[in-house]
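All remarks here apply to the structure that follows.
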């Protein structure tokens, strides 16, 4: 919609788009929430992997305690090796 002024100029009706700021804020909040969720997922994954590594190391320690002598012998060079 346009309106002519007394000087013959045409003023165009403008629509208030103040919602643009809210949309940007909402978008930023969504990005922040996604980052928090991703961070939480990464922390959980890291903890699980850390637990798995600890479990494997504990198992290795147990085997070495039981078979330490055999383990050491397997690394001793024989003759001209």
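In the UniProt record's numbering, the protein residues as written are 1 to 81. Ideal Cβ positions, reconstructed from N, Cα and C, are used throughout, including at glycine.
Between the CA atoms of residue j and residue i - distance to the nearest angstrom
i, j, result
"residue 46", "residue 38", "12 Å"
"residue 28", "residue 43", "22 Å"
"residue 75", "residue 66", "16 Å"
"residue 70", "residue 61", "14 Å"
"residue 40", "residue 72", "43 Å"
"residue 64", "residue 34", "45 Å"
"residue 52", "residue 36", "24 Å"
Assigned secondary structure, residue i (DSSP; H/G/I helix, E/B strand, else coil)
i, result
"residue 50", "helix"
"residue 36", "helix"
"residue 27", "helix"
"residue 56", "helix"
"residue 76", "coil"
Residue range of the alpha helix (DSSP H) that includes residue i
i, result
"residue 72", "68-73"
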